[in-house]
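Quick note: to get the working numbering, add 563 to the position in the sequence shown (first position is 1).
The C-beta atom is built at its ideal place from N, Cα and C for all residues, glycine as well.
Here the structure is a predicted model, which means the values were calculated and not measured.
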Amino acid sequence: MTLVSKRIVFPVFVVVVLVLAAGWRTAAWNSRGEEEIVGTWQVTVQLTNCSGVNLGNPFPSLLTFENGGTFIEDTMNPGFAPGQRGPGHGIWDYQGHHSYSAKHVAFINFTTPPAPPASPGFNAGTQTITQTIDFDHGPDQWSASGAMVQFADTTGTVYRQACADATAARLE
Numbered sequence: 564m565t566l567v568s569k570r571i572v573f574p575v576f577v578v579v580v581l582v583l584a585a586g587w588r589t590a591a592w593n594s595r596g597e598e599e600i601v602g603t604w605q606v607t608v609q610l611t612n613c614s615g616v617n618l619g620n621p622f623p624s625l626l627t628f629e630n631g632g633t634f635i636e637d638t639m640n641p642g643f644a645p646g647q648r649g650p651g652h653g654i655w656d657y658q659g660h661h662s663y664s665a666k667h668v669a670f671i672n673f674t675t676p677p678a679p680p681a682s683p684g685f686n687a688g689t690q691t692i693t694q695t696i697d698f699d700h701g702p703d704q705w706s707a708s709g710a711m712v713q714f715a716d717t718t719g720t721v722y723r724q725a726c727a728d729a730t731a732a733r734l735e
């Protein structure tokens, strides 16, 4: 092989390898399902006492998952007074086999006393929700069972825990 042909073949070889490597990475990303969760979801939430007994009626929430592992959430939980709870901000991670872990935190802006039967009352502080999301009904629906819901006051002391189940459909 002449010096001139080596100067042409080597750069072409490097470009081909780089293009193929980039294509393989994109295929690996998609085949692992990491983009499956990206988008906005209409969610129906049912609070439970963590033993399977429903607490109150289901209510709607919206979750928007972004590439890179972040998401935002908003809810219409009737237990909160108007303006009491801010939107949730969170992180998610692909666990494999169409399953994701997700955790988000929302501020509870002010304290309210109990107002049975609709509200147990909440202290100013935070609400943290940790859940596993499973795409067990196709690419446009998911469910989460036994999500852990923790309420902490402004000092970080957890004063209440509950669980929640959820179903979701992709917003179209």
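Integer Cβ distance of residue i from residue j, believed to fall under 8 Å
i	j	result
Ile692	His652	At roughly 11 Å, the Cβ-Cβ gap does not stay under 8 Å, so Ile692 and His652 are not in contact.
Residues bridged to residue i (per DSSP)
i	result
Asn617	Thr611
His667	Gly653 and Ile692
Ile635	Thr627 and His652
Val601	Answer is none; Val601 lacks a bridge partner.
Gln724	Gln713
Ala731	Val606 and Trp705
Outcome for residue i when other beta-carbon atoms lying within 10 angstroms are tallied against a minimum of 16
i	result
Gly688	buried
Tyr663	buried
Leu734	exposed
Gln690	buried
Glu629	exposed
Gly586	Confidence at Gly586 is low in this model, with a pLDDT of 39, below 50, so its placement is unreliable and no value can be given for it.
Arg595	With a pLDDT of 45 at Arg595, under the threshold of 50, the predicted position of this residue should be treated as unreliable, though the coordinate-derived value follows. By the 10 Å Cβ count, Arg595 comes out exposed.
Val601	exposed
Euclidean distance between Cα positions of residue i and residue j
i	j	result
Cys613	Arg648	22 Å
Asp716	Ile696	27 Å
Ala725	His700	25 Å
Ala727	Gly709	5 Å
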